[in-house]
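Numbering (my numbering), first residue to last: 120 to 385.
Glycine residues also receive a C-beta, built at the ideal position from the N, C-alpha and C atoms.
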(Lines of atoms letter the chains of each structure in order from A and count residues from 1; the text may use other names and numbers.)
(Lines give C-alpha, C1' and ligand atoms only; values in the text may rest on other atoms or scores of the structure.)
Protein backbone atom coordinates (compact mmCIF):
# COMPACT_ATOMS: atom_id res chain seq x y z
CA UNK A 1 0.00 0.00 0.00
CA UNK A 2 2.91 2.35 0.55
CA UNK A 3 3.31 2.98 -3.22
CA UNK A 4 -0.39 3.69 -3.86
CA UNK A 5 -0.68 6.96 -1.97
CA UNK A 6 2.16 8.82 -3.78
CA UNK A 7 0.75 7.71 -7.13
CA UNK A 8 -2.73 8.80 -6.13
CA UNK A 9 -1.35 12.14 -4.93
CA UNK A 10 0.54 12.62 -8.17
CA UNK A 11 -2.60 11.76 -10.12
CA UNK A 12 -4.62 14.32 -8.17
CA UNK A 13 -1.95 16.96 -8.68
CA UNK A 14 -1.86 16.20 -12.40
CA UNK A 15 -5.65 16.34 -12.64
CA UNK A 16 -5.63 19.66 -10.80
CA UNK A 17 -3.01 21.08 -13.13
CA UNK A 18 -4.92 19.90 -16.20
CA UNK A 19 -8.14 21.36 -14.83
CA UNK A 20 -6.42 24.70 -14.11
CA UNK A 21 -4.79 24.79 -17.54
CA UNK A 22 -8.09 23.89 -19.19
CA UNK A 23 -9.82 26.65 -17.26
CA UNK A 24 -7.15 29.17 -18.24
CA UNK A 25 -7.36 28.06 -21.87
CA UNK A 26 -11.13 28.36 -21.83
CA UNK A 27 -10.91 31.83 -20.31
CA UNK A 28 -8.37 32.85 -22.93
CA UNK A 29 -10.64 31.55 -25.68
CA UNK A 30 -13.58 33.47 -24.25
CA UNK A 31 -11.47 36.64 -24.04
CA UNK A 32 -10.18 36.17 -27.58
CA UNK A 33 -13.70 35.54 -28.85
CA UNK A 34 -14.95 38.63 -27.02
CA UNK A 35 -12.13 40.75 -28.46
CA UNK A 36 -12.79 39.41 -31.95
CA UNK A 37 -16.52 40.16 -31.65
CA UNK A 38 -15.72 43.66 -30.30
CA UNK A 39 -13.37 44.35 -33.22
CA UNK A 40 -15.82 42.98 -35.78
CA UNK A 41 -18.60 45.10 -34.28
CA UNK A 42 -16.48 48.22 -34.53
CA UNK A 43 -15.53 47.33 -38.10
CA UNK A 44 -19.22 47.03 -38.98
CA UNK A 45 -19.88 50.46 -37.50
CA UNK A 46 -17.07 51.97 -39.57
CA UNK A 47 -18.28 50.16 -42.68
CA UNK A 48 -21.60 51.92 -42.26
CA UNK A 49 -19.77 55.24 -42.73
CA UNK A 50 -18.49 54.28 -46.20
CA UNK A 51 -21.48 55.61 -48.16
CA UNK A 52 -21.62 58.81 -46.09
CA UNK A 53 -17.94 59.56 -46.63
CA UNK A 54 -18.15 58.83 -50.34
CA UNK A 55 -21.19 61.10 -50.66
CA UNK A 56 -19.43 63.87 -48.72
CA UNK A 57 -16.47 63.81 -51.10
CA UNK A 58 -18.71 63.72 -54.18
CA UNK A 59 -20.61 66.78 -53.00
CA UNK A 60 -17.45 68.73 -52.13
CA UNK A 61 -15.85 67.70 -55.41
CA UNK A 62 -18.44 69.81 -57.22
CA UNK A 63 -17.44 72.98 -55.39
CA UNK A 64 -15.36 75.36 -57.54
CA UNK A 65 -11.80 76.30 -56.68
CA UNK A 66 -8.89 78.20 -58.16
CA UNK A 67 -6.67 75.15 -57.67
CA UNK A 68 -7.55 71.52 -58.32
CA UNK A 69 -6.34 68.84 -55.92
CA UNK A 70 -6.95 65.22 -56.97
CA UNK A 71 -6.46 62.25 -54.64
CA UNK A 72 -6.08 58.62 -55.68
CA UNK A 73 -6.34 55.99 -52.97
CA UNK A 74 -8.46 53.74 -50.80
CA UNK A 75 -10.40 54.04 -47.54
CA UNK A 76 -7.61 56.07 -45.93
CA UNK A 77 -8.08 58.80 -48.54
CA UNK A 78 -11.80 58.59 -47.86
CA UNK A 79 -11.07 59.17 -44.18
CA UNK A 80 -12.65 56.02 -42.79
CA UNK A 81 -11.91 55.97 -39.07
CA UNK A 82 -11.79 59.78 -38.81
CA UNK A 83 -14.48 61.64 -36.90
CA UNK A 84 -15.37 63.46 -40.13
CA UNK A 85 -14.24 63.04 -43.78
CA UNK A 86 -12.51 66.43 -43.70
CA UNK A 87 -10.22 65.09 -40.96
CA UNK A 88 -8.70 62.54 -43.34
CA UNK A 89 -5.21 63.23 -44.63
CA UNK A 90 -6.76 64.44 -47.91
CA UNK A 91 -8.90 66.96 -46.05
CA UNK A 92 -5.94 68.12 -43.96
CA UNK A 93 -3.73 68.54 -47.03
CA UNK A 94 -6.46 70.50 -48.81
CA UNK A 95 -6.66 72.86 -45.82
CA UNK A 96 -2.89 73.28 -45.92
CA UNK A 97 -2.96 74.14 -49.62
CA UNK A 98 -5.63 76.79 -49.00
CA UNK A 99 -3.68 78.36 -46.16
CA UNK A 100 -0.32 78.23 -47.93
CA UNK A 101 -1.53 79.63 -51.26
CA UNK A 102 -4.36 81.90 -50.15
CA UNK A 103 -6.43 80.37 -52.93
CA UNK A 104 -9.61 78.35 -52.99
CA UNK A 105 -9.17 74.62 -53.65
CA UNK A 106 -11.45 72.17 -55.37
CA UNK A 107 -10.84 68.64 -54.09
CA UNK A 108 -11.72 65.71 -56.33
CA UNK A 109 -11.24 62.61 -54.24
CA UNK A 110 -11.22 59.67 -56.65
CA UNK A 111 -10.42 57.16 -53.91
CA UNK A 112 -12.61 54.13 -53.28
CA UNK A 113 -12.76 52.24 -49.99
CA UNK A 114 -11.27 48.77 -50.38
CA UNK A 115 -9.35 49.67 -53.53
CA UNK A 116 -6.24 47.72 -54.47
CA UNK A 117 -3.75 48.92 -57.07
CA UNK A 118 -5.52 46.93 -59.78
CA UNK A 119 -8.92 48.37 -58.82
CA UNK A 120 -7.45 51.87 -58.83
CA UNK A 121 -6.27 51.25 -62.39
CA UNK A 122 -9.75 50.14 -63.38
CA UNK A 123 -11.86 52.70 -61.52
CA UNK A 124 -9.77 55.78 -60.78
CA UNK A 125 -7.32 56.28 -63.65
CA UNK A 126 -10.04 56.83 -66.28
CA UNK A 127 -11.42 59.68 -64.15
CA UNK A 128 -7.96 61.17 -63.61
CA UNK A 129 -7.45 61.29 -67.39
CA UNK A 130 -10.31 63.78 -67.65
CA UNK A 131 -8.73 66.24 -65.19
CA UNK A 132 -5.79 68.66 -65.15
CA UNK A 133 -4.86 68.81 -61.45
CA UNK A 134 -2.44 71.24 -59.84
CA UNK A 135 -1.81 68.83 -56.96
CA UNK A 136 -2.04 65.01 -57.06
CA UNK A 137 -1.52 62.62 -54.15
CA UNK A 138 -1.48 58.85 -54.43
CA UNK A 139 -1.60 56.43 -51.49
CA UNK A 140 -2.63 53.00 -52.70
CA UNK A 141 -1.56 49.40 -52.11
CA UNK A 142 -2.26 48.76 -48.42
CA UNK A 143 -5.16 46.48 -49.34
CA UNK A 144 -2.84 44.43 -51.55
CA UNK A 145 -0.94 43.27 -48.46
CA UNK A 146 -3.80 40.93 -47.49
CA UNK A 147 -3.83 39.29 -50.94
CA UNK A 148 -0.17 39.76 -51.78
CA UNK A 149 1.06 39.07 -55.29
CA UNK A 150 4.23 40.98 -56.12
CA UNK A 151 3.74 40.72 -59.88
CA UNK A 152 0.16 42.04 -59.71
CA UNK A 153 1.25 44.84 -57.38
CA UNK A 154 4.11 45.92 -59.65
CA UNK A 155 1.95 45.82 -62.76
CA UNK A 156 -0.72 47.99 -61.12
CA UNK A 157 1.77 50.45 -59.65
CA UNK A 158 3.53 50.79 -62.99
CA UNK A 159 0.24 51.52 -64.78
CA UNK A 160 -0.79 54.10 -62.19
CA UNK A 161 2.57 55.87 -62.12
CA UNK A 162 2.74 56.01 -65.91
CA UNK A 163 -0.57 57.91 -65.95
CA UNK A 164 0.42 60.52 -63.35
CA UNK A 165 1.63 64.05 -64.05
CA UNK A 166 5.30 64.60 -63.14
CA UNK A 167 4.43 66.71 -60.09
CA UNK A 168 2.33 63.93 -58.46
CA UNK A 169 3.26 62.82 -54.93
CA UNK A 170 3.15 59.07 -54.32
CA UNK A 171 3.26 57.61 -50.82
CA UNK A 172 4.94 54.33 -50.03
CA UNK A 173 2.99 51.74 -48.03
CA UNK A 174 2.32 52.59 -44.37
CA UNK A 175 3.75 50.68 -41.41
CA UNK A 176 1.68 47.68 -40.28
CA UNK A 177 3.94 46.92 -37.26
CA UNK A 178 3.24 43.15 -37.44
CA UNK A 179 6.36 41.27 -38.66
CA UNK A 180 4.59 39.17 -41.32
CA UNK A 181 2.90 42.20 -42.88
CA UNK A 182 6.03 44.29 -42.59
CA UNK A 183 8.00 41.76 -44.65
CA UNK A 184 5.44 42.13 -47.43
CA UNK A 185 5.43 45.91 -47.06
CA UNK A 186 9.23 45.99 -47.41
CA UNK A 187 8.97 44.16 -50.75
CA UNK A 188 6.12 46.39 -51.89
CA UNK A 189 7.98 49.55 -51.02
CA UNK A 190 11.10 48.44 -52.88
CA UNK A 191 8.95 47.88 -55.96
CA UNK A 192 7.09 51.17 -55.50
CA UNK A 193 10.25 53.24 -55.08
CA UNK A 194 11.98 51.62 -58.05
CA UNK A 195 9.02 52.29 -60.35
CA UNK A 196 8.65 55.85 -59.02
CA UNK A 197 12.32 56.47 -59.80
CA UNK A 198 11.77 55.30 -63.38
CA UNK A 199 9.03 57.91 -63.83
CA UNK A 200 10.77 60.64 -61.85
CA UNK A 201 8.04 60.82 -59.23
CA UNK A 202 8.48 62.06 -55.66
CA UNK A 203 7.93 59.35 -53.04
CA UNK A 204 6.40 60.44 -49.74
CA UNK A 205 7.91 58.52 -46.75
CA UNK A 206 4.61 57.32 -45.30
CA UNK A 207 6.11 54.10 -43.95
CA UNK A 208 8.85 55.82 -41.96
CA UNK A 209 6.46 58.45 -40.65
CA UNK A 210 3.82 55.97 -39.49
CA UNK A 211 6.48 53.67 -38.01
CA UNK A 212 8.03 56.41 -35.90
CA UNK A 213 5.37 56.45 -33.12
CA UNK A 214 5.97 52.71 -32.58
CA UNK A 215 3.65 49.87 -31.70
CA UNK A 216 2.01 51.97 -28.99
CA UNK A 217 0.43 54.01 -31.78
CA UNK A 218 -2.06 51.15 -32.25
CA UNK A 219 -3.67 52.38 -29.02
CA UNK A 220 -3.47 56.08 -29.88
CA UNK A 221 -3.46 56.54 -33.66
CA UNK A 222 -5.81 53.80 -34.86
CA UNK A 223 -9.61 53.63 -35.01
CA UNK A 224 -11.62 51.00 -33.14
CA UNK A 225 -11.38 48.48 -35.98
CA UNK A 226 -7.61 48.40 -35.29
CA UNK A 227 -6.88 49.02 -38.96
CA UNK A 228 -7.85 52.50 -40.13
CA UNK A 229 -6.23 55.64 -38.67
CA UNK A 230 -8.21 57.88 -36.34
CA UNK A 231 -7.98 61.70 -36.37
CA UNK A 232 -4.56 61.61 -34.74
CA UNK A 233 -3.36 58.92 -37.13
CA UNK A 234 -4.48 60.94 -40.15
CA UNK A 235 -2.52 63.93 -38.88
CA UNK A 236 0.58 61.71 -39.01
CA UNK A 237 -0.30 60.70 -42.59
CA UNK A 238 -0.65 64.36 -43.53
CA UNK A 239 2.72 65.15 -41.92
CA UNK A 240 4.34 62.57 -44.21
CA UNK A 241 3.13 64.51 -47.26
CA UNK A 242 3.81 68.05 -46.05
CA UNK A 243 7.51 68.52 -46.97
CA UNK A 244 7.00 67.36 -50.57
CA UNK A 245 3.66 69.14 -50.79
CA UNK A 246 5.30 72.40 -49.72
CA UNK A 247 7.70 72.11 -52.66
CA UNK A 248 4.78 71.64 -55.05
CA UNK A 249 2.96 74.57 -53.47
CA UNK A 250 6.00 76.80 -54.03
CA UNK A 251 5.36 76.39 -57.76
CA UNK A 252 1.74 77.44 -57.30
CA UNK A 253 2.52 80.80 -55.75
CA UNK A 254 5.22 82.38 -57.94
CA UNK A 255 5.71 86.09 -57.78
CA UNK A 256 4.36 86.52 -61.25
CA UNK A 257 1.78 84.61 -63.28
CA UNK A 258 4.00 84.44 -66.35
CA UNK A 259 6.70 82.70 -64.33
CA UNK A 260 4.07 80.24 -63.12
CA UNK A 261 3.08 79.39 -66.69
CA UNK A 262 6.72 78.86 -67.68
CA UNK A 263 7.31 76.56 -64.72
CA UNK A 264 4.27 74.43 -65.50
CA UNK A 265 5.17 74.13 -69.19
CA UNK A 266 8.73 73.20 -68.32
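Whose CA, out of 197, 238 and 215, lies closest to the CA of residue 174?
197
The alpha helix (DSSP H) that contains residue 319, what's its start and end?
Counting along the chain, residue 319 falls outside any alpha helix (DSSP H), and DSSP gives it neither H nor E.
Could you spell out the range, first to last residue, of the beta strand (DSSP E) harbouring residue 189?
Its beta strand (DSSP E) spans residues 186-192.
With a 10 Å radius around its C-beta and 16 neighbouring C-beta atoms as the bar for buried, classify residue 352 as buried or exposed.
buried
Could you tell me which uninterrupted beta strand (DSSP E) segments, each at least 3 residues in length, are contained entirely in the region 184-245, listed from first to last along the chain?
DSSP runs (the beta strand (DSSP E)) wholly in the region 184-245: 186-192 and 224-228.
Rounded separation between residue 206 and residue 329 - CA only:
17 angstroms
How big is the Cα-Cα spacing for residue 248 and residue 211?
Rounded to the nearest angstrom, the two C-alpha atoms are 24 angstroms apart.
CA-to-CA distance, residue 371 to residue 301, given in whole angstroms:
37 angstroms
Measure from the alpha carbon of residue 259 to the alpha carbon of each residue in 366, 356 and 361, then state which is nearest.
Selected option, being the one with the closest Cα: 356.
In whole angstroms, what separates the C-alpha of residue 271 from that of residue 242?
16 angstroms
Taking the alpha helix (DSSP H) that residue 271 falls in, what are its first and last residues?
Unbroken alpha helix (DSSP H) run through residue 271: 269-281.
With a threshold of 6 angstroms on Cβ separation, who are the neighbours of residue 219 within its own chain once the five nearest residues in sequence on each side are excluded?
Answer for residue 219: 368, listed in chain order.
Could you check whether residue 290 and residue 323 sit closer than 8 angstroms to each other, using their CB atoms as the reference points?
yes
Between residue 298 and residue 327, what straight-line distance do the alpha-carbon atoms span, to the nearest angstrom?
15 angstroms
Which whole-angstrom value describes the C-beta separation of residue 255 and residue 292, a residue pair presumed to lie in contact below a C-beta threshold of 8 angstroms?
About 18 angstroms separates the two Cβ atoms, so there is no contact after all.
Taking only the alpha-carbon atoms, compute the straight-line gap between residue 312 and residue 282 and give it to the nearest angstrom.
16 angstroms
Starting from residue 369, trace the alpha helix (DSSP H) both ways and give me its first and last residue.
350-371
In chain order, what residues of the same chain lie with their CB nearer than 6 angstroms to the CB of residue 350, ignoring the 5 residues before and after it?
201, 202 and 206
Return helix, strand or coil for residue 150, following the three-state DSSP convention.
At residue 150 the pLDDT is 46, less than 50, meaning the model places this residue with poor confidence and gives no usable figure here.
Beta-carbon proximity list for residue 366, same chain, < 6 angstroms, skipping 5 on both sides:
none
How many whole angstroms separate the CB atoms of residue 250 and residue 189, which I take to be in contact at a CB cut-off of 8 angstroms?
With a Cβ gap of about 6 angstroms, residue 250 and residue 189 count as contacting.
Beta-carbon proximity of residue 239 to residue 279, cut-off 8 angstroms
yes
Thinking just about the alpha-carbon of each residue, which of 267, 268 and 284 is nearest to the one in residue 257?
284
Buried or exposed for residue 266, please, with buried defined as at least 16 other CB atoms from any protein chain shown within 10 angstroms of its CB.
exposed
Can you list, in chain order, the residues of its chain whose CB lies under 6 angstroms from that of residue 186, leaving out five sequence neighbours each side?
222, 224 and 253
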